[in-house]
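For the sequence shown, the working numbering assigns the number 1 to the initial residue and increments by one for each residue that follows.
Cβ atoms here follow ideal geometry from the backbone N, Cα and C, with glycine treated the same way.
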Amino acid sequence: MQRYHREEEFTALPPHVFGITALIYREMRETGQNQSVVVSGESGAGKTETCKSAINFLTTVAGANSSSRNREVGTSSASIEDRLVTANTICESFGNACTVRNNNSSRFGKLVKIHFGEEGEIVGAHITQYLLEKSRVVHVADQERTFHIFY
1 MQRYHREEEF TALPPHVFGI TALIYREMRE TGQNQSVVVS GESGAGKTET
51 CKSAINFLTT VAGANSSSRN REVGTSSASI EDRLVTANTI CESFGNACTV
101 RNNNSSRFGK LVKIHFGEEG EIVGAHITQY LLEKSRVVHV ADQERTFHIF
151 Y
C-alpha cells in the first residue's frame, strides 16, 4: 500500500486498485474537484474485494490526516474511518450470499460517497444500497444459500 502512496514510484508500478485510489485521492487534494470511481466487471471478477481494498486504502491514507484515530471500534468514539470499514462489512452480511460461482457474491449494488475535509481527512460517508435480490430471501436455488446474515 505504501509503495502506491509514494508519488515517485506510482507510474513505475503495474496497475492496481491502490494505484488508482492513490491517483484519485491525489487529484482531489491537488485540484479540489470531486472524484468518482466505478468498479465494474463480470460475476466473480473481484468487484467486492476491489471496493473493500479502495476503502481500506482511503481510510489509511486519509486517516493519517485525521485527529480521530486510535479510538475503539464499536463505540460512539470510533473514528469515522473505522466506522466506514465496519459499515461496509455489515452491508456485505445483509447483501452477499453463497452462489454456485462465488462463496461471497454481492447480490446488490451500492454507491459509496466519502466526504473529505480541507486537509484531506474523511469527515463523513454515505452508503446507498440498491437492487437487492429480494427473491433470494424466500427462494434459493439448488446449491446456493440465502444472505450471509441468516447463517
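Straight-line CA distance for residue i to residue j?
i    : j    : result
E27  : Q33  : 8 Å
F57  : T50  : 10 Å
F18  : S53  : 7 Å
G46  : E119 : 31 Å
S36  : E30  : 15 Å
Y130 : G95  : 10 Å
V39  : A141 : 27 Å
T146 : T48  : 18 Å
I90  : G124 : 17 Å
H115 : N88  : 15 Å
Which same chain residues, not among the five before or five after residue i, have their C-beta less than 6 Å away from its C-beta?
i    : result
T128 : L111
T99  : S105 and E144
H126 : K113
G41  : K47
Give me, in chain order, the residues of the same chain whose beta-carbon lies closer than 8 Å to that of residue i; leave out the 5 immediate sequence neighbours on both sides.
i    : result
R101 : S43 and G44
G63  : R69, S79, E81, E121 and I122
E92  : T48, N104, S106 and H148
Which residues does DSSP pair with residue i in a beta bridge?
i    : result
V112 : I127
I122 : F116
F147 : A97
S135 : For S135, which the question treats as bridged, DSSP gives no partner whatsoever.
For residue i, decide whether its Cβ has a neighbour in chain B, counting only Cβ atoms nearer than 9 Å.
i   : result
C91 : Chain labels in this structure do not include chain B; a single protein chain is all it has.
Give every residue of the same chain whose Cβ lies closer than 7 Å to the Cβ of residue i, excluding the five residues on either side of it in the sequence, and list them in chain order.
i    : result
I24  : Q35 and V37
R136 : A97, R107, T146 and F147
Give the list of continuous alpha helix (DSSP H) stretches no shorter than 4 residues that lie fully inside the stretch 22-95.
47-63 and 80-95
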